[in-house]
Structure formats: structure tokens, C-alpha cells
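Below: the structure, in C-alpha cells.
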Amino acid sequence: MKSIVMSESVTTNRYQQNNVKAGYLNKVPHWLYSVFVIGLFFYLSIAPIKITLASMSYHGVESKLDQWKALTASITKNDYERAKQGITQAIQYHPSFAYYYDIKSEVLQWGAFVGFETDLEANFSNIELLHEQSLQLRPIWSVTWGNLGQQKFYKALFLQKFDSITYSEIISYLTIAHQLGKQTPEIHMIWSDVGLRLLNINFAQYLNAQELVRFHVVKGLEYRMVRDKIIESIRASNNNSLVCIWLKQDARDKNQDTLNSIAFKRLKCS
């Protein structure tokens with residue numbers, strides 16, 4: 011009997027509490043409900059709006075980059091400043107999208123290449139920072155790791171500051187890029203560029219990474235999309251003879267006829 015009374019008491023208390031809550035809610039003005047609903051709607055719609063605005067800002071930059079790649083002479087100071095402003099806005103609208111940081115770094119590289127960025131040391135530092143910010147958001151993206159290593163190499167080349175710590179950082183970043191994307195064409199191109207330059211700058215440091223340099227040069231020459239760039243790196247570093255030897259050794263290992271390969275002919279190997 012006592013348990014029944016307690017049960018009824020609890021039920022009564024809950025009923026009274028619900029009535030109090032219901033009564034309190036009934037006293038809330040209807041306009042407040044409307045404000046809450048409208049506020050919630052705007053809150054939920056802010057993110058998609060910002061993403062859309064970021065995408066719109068980016069597409070203008072993308073078209074300019076495509077134009078510059080097709081015809082470098084077409085880049086103007088005004089176009090460059092507008093592209094830099096556009097990708098900066100895209101990042102402001104959508105700061106969690108790693109790709110935009112990579113694109114801004116590419117824009118800054120163009121600025122340095124054509125002479126619009128006069129403080130090259132600061133520009134290199136800004137590019138490195140953008141790659142680091144991208145990696146915080148997307149840490150397993152191999153190309154960004156490769157780009158970071160390549161830019162650190164260019165900065166060291168510009169400053170003529172090649173110490174053991176700098177070499178260690180560069181090779182470390184490029185090795186991570188290799189581990190994450192050893193079959194990625196862009197990684198072949200980056201490794202070929204840095205590795206063949208390193209061969210001429212510091213042979214002792216090159217020896218620490220020679221197997222990876224060879225791997226990416228030979229593999230990269232198989233890809234049409236990066237073959238021309240890698241051949242440029244080979245010729246610029248005056249390493250035609252060495253690469254021809256690599257191609258012959260690779261062909262023997264695979265029991266293939268190297269004489270028929272496009273790279274073999276383009277490099278005029280004999």
C-alpha cells in the first residue's frame with residue numbers, strides 16, 4: 011500500500027512539474043519562437059553560403075592559373091593581385107578547406123617567378139606556412155609534403171644556406187611524400203627536380219637519397235603528364251648520361267627494350 015501511495019505521489023509531482031513547464035512555455039511570446047526559428051535557419055545556412063562564396067572566389071583564380079600555365083607572358087600585375095586577393099577571400103570564407111592553401115601557395119610562386127613579389131625570402135616563408143597549414147588540415151596528402159620539401163629546397167638555394175639541418179628537413183619531407191604517394195606523378199616530378207639539383211650542389215647529401223631520386227626519375231619518365239618537366243630537370247642539371255644509364259639498367263631488370271621508350275629517344279641516349 012505504501013509503495014502505491016509513493017508511486018502516485020511521484021506521478022503527481024511529475025504531472026505538476028510538467029504543468030509548470032507547460033505554463034511557463036505558454037507565457038513565452040509567440041514572436042520569440044519566430045525569432046528563434048529564423049535565427050536557427052540563418053545559423054544553419056551560414057556555412058553553405060560561405061562555402062559557395064569561397065568556391066566562387068576560387069574559380070576566378072583557377073581560370074587565371076590555367077591561363078598562366080598555357081602562356082606565361084599573359085600574366086599581368088593586375089591579374090596577379092586579383093588572383094591573390096581571390097584565393098585569400100576563398101580561405102577566409104572556407105578556412106577548413108586545405109586545397110585553398112595549396113592554391114594560394116601556387117599563386118605566390120607565380121608572383122615570385124615573374125617578379126611581382128620582390129621580398130623573395132618572405133615569399134618563400136609565406137609559401138612554406140601555407141603548405142604547413144594545409145597539412146594540418148590534410149596530413150596525408152603526399153603532394154603537399156612534396157611541395158613543402160621542394161619550397162624549402164628553393165629557399166635554401168636562394169639564401170645559399172645548405173646546412174645539415176636544412177638537408178635533413180628537405181629529405182624528411184620528400185621521404186614522407188614518397189611514402190604517401192610513391193606512384194604519384196607530381197611526386198616523381200618533385201623528387202626529380204630536387205634530387206638532380208642536389209646531385210650537382212652536394213654530392214654527399216645526394217648519396218643519402220640516390221635510390222629514391224633514381225626511382226622517381228625513371229618512374230616519372232613513364233608518365234606523359236610529367237615527362238616534359240622531368241626531361242627539363244635532367245637537361246638543366248646536365249645529367250643526361252646518368253639518366254640514360256638508369257633507363258638501361260631499369261630495362262634490363264624488367265627484360266624490356268629501352269631503345270623504344272619515348273624518354274630514351276628524347277634524351278638521345280645511345
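Numbering-wise, the numbering used here puts 172 at position 162 of the sequence shown, and it's gapless, one number per residue. Beta carbons: idealized from backbone N, C-alpha and C, even for Gly. Since the model is a prediction, treat every value here as computed from it, not as a measurement.
Determine the closest residue to residue i out of the options, with distance taken between C-alpha atoms.
i, options, result
"I244", "R224, M235 and D260", "R224"
"I180", "W256, G205 and T194", "G205"
"N88", "Q193, K79 and V71", "V71"
"L231", "V253, D112, A246 and Q259", "V253"
"H226", "I241, F123 and Y177", "I241"
"D173", "G191, I211 and N157", "I211"
"R148", "S106, I113 and K171", "S106"
"W256", "T62, Q189 and Q220", "Q220"
"E138", "S115, A214 and Q77", "S115"
"S295", "Y103, V228, G159 and G191", "Nothing about residue 295 can be reported from this structure: the residues present for the chain run from 11 to 280 only."
"R276", "K239, Q102 and T194", "K239"
"S280", "T185, A100, K258 and A80", "K258"
"E91", "Q102, L81 and K74", "K74"
"A83", "L118, V124, Y177 and S251", "V124"
"Y177", "N218, H69 and M66", "N218"
"H69", "R207, D267 and I113", "I113"
"Q170", "E131, N157 and K278", "E131"
"D203", "K192, Y233 and N157", "N157"
"S251", "K278, Q266 and D267", "K278"
"Q77", "F213, V117 and N248", "V117"
"R234", "M199, Q266, A214 and D267", "M199"
Between residue i and residue j, how many whole angstroms is the CB-CB distance? I'm expecting something under 8 Å.
i, j, result
"I197", "A187", "5 Å"
"F134", "F168", "7 Å"
"R237", "A273", "6 Å"
"Y216", "L209", "5 Å"
"W151", "A108", "7 Å"
"W120", "I85", "7 Å"
"T194", "V228", "Wrong, their Cβ atoms sit about 15 Å apart, outside the cutoff."
"I59", "H104", "Contact doesn't hold; Cβ gap of about 11 Å is too wide."
"W2", "L184", "The chain is shown only over 11 to 280; residue 2 falls outside these bounds and no answer can be derived."
"Q99", "S67", "4 Å"
"R207", "S271", "In fact, because the Cβ distance is near 24 Å, the residues do not count as touching under 8 Å."
| Which runs of the beta strand (DSSP E) spanning at least 3 residues fall entirely within the region 180-258, listed in chain order? | none
| task | Would you check if there are 3 or more beta carbon pairs closer than 8 Å linking the region 163-172 to the region 143-150? | result | no
| message | My parser needs the alpha helix (DSSP H) runs of 4 or more residues fully inside the region 54-100; what are they? | response | none
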